Amino acid sequence: MSECERAQRLSACHDGEVSEAERASLEAHLHQCPACASELARLGKLSHLLSTAPRPEMSAEALARLHRAADDMYMADLGRMAKALMAVAASILLVCAVWLWRSGASGEPIEPIPAWETAATAHEATLATASDEQLAQWIVLDLERKNGHD
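In the numbering used here, the protein residues as written are 4 to 153.
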C-alpha cells in the first residue's frame, strides 16, 4: 500500500463511490504520484482477477449444513427470548405477590357487614321477616358503634 495520504481514497474511487469533483482531483493526483498510480493499477488487476475467477459451487451437503446451522441459530434465539420472557413474568408475579401479601397483612380485623346493610340490600322475602322497628334498631346500633358509643 502506498504511503500517500490520498491512497486511502483510491479504493473508493476505483469502486465509483466518490463524487465527480473528488474523482477529478484524484485523477489529477495520479499524474503526479507514481505510488498512487501503481496502487490503482494493482486494484484494477485484483478486480479483474476476481471478476474472471470461476465461482465455486456449493455442494448439496454443505448447503444443507448451512440451512441447519441457520435453523439452529433461530431456535437458540427463540429459546433465549422465551427464557427472558419467563424471567420477566416471574418477576412481575413476585412483585404482585409481595404487594398483595403486604397490603393484606395490615393487622386490622376486617369489619363484618352491619346487619342493617344486609337487610337493606336483601330480597323482599328476607325483608318481610324483619320489622321496621328491628331495622331502625340495627341502624342505630351500627351508628353508635361507628361513633364510638359502644
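Note that the Cβ used here is the ideal one computed from N, Cα and C, for glycine as well. Keep in mind the model is a prediction, meaning the values are calculated, not measured.
**Request:** Determine the DSSP secondary structure at G19, reduced to helix, strand or coil.
**Result:** Of the three classes helix, strand and coil, the one that applies to G19 here is coil, per DSSP.
**Asked** Does DSSP classify M61 as helix, strand or coil?
**Response** In this structure, M61 counts as coil in the three-state DSSP scheme.
**Prompt:** Which of helix, strand or coil does DSSP assign to A38?
**Reply:** A38: helix per DSSP, three-state reduction.
**Message:** Measuring only from the beta carbon, is S14 closer than 7 Å to any heavy atom that is part of the ligand SAH?
**Reply:** Absence of the ligand SAH from the depicted structure is noted, as is the absence of any ligand whatsoever, leaving it without description.
**Asked** Beta-carbon separation of A38 and A15 under 8 Å?
**Response** No, these two residues do not count as a Cβ contact at 8 Å.
**Item:** Integer-rounded CB distance, given that W119 should sit under 8 Å from I142
**Value:** The beta carbons of I142 and W119 sit about 5 Å from each other, so the pair counts as a contact at 8 Å.
**Prompt:** Could you give the residue range of the alpha helix (DSSP H) that holds A148?
**Reply:** Reading off the sequence shown, one finds Arg at residue 148, where the question assumed Ala. 135-149 is the extent of the alpha helix (DSSP H) around R148.
**Message:** Quick check on V7: does DSSP put it in helix, strand or coil?
**Reply:** Note that residue 7 corresponds to Cys in the displayed sequence, not to Val. Coil at C7, not helix or strand.
**Prompt:** Do L43 and L33 have their C-beta atoms within less than 8 Å of each other?
**Reply:** In this structure, L43 sits near L33, with a CB-CB distance shorter than 8 Å.
**Request:** Whole angstroms is fine: what's the gap from E25's alpha carbon to M61's?
**Result:** E25 and M61: Cα-Cα distance of roughly 40 Å.
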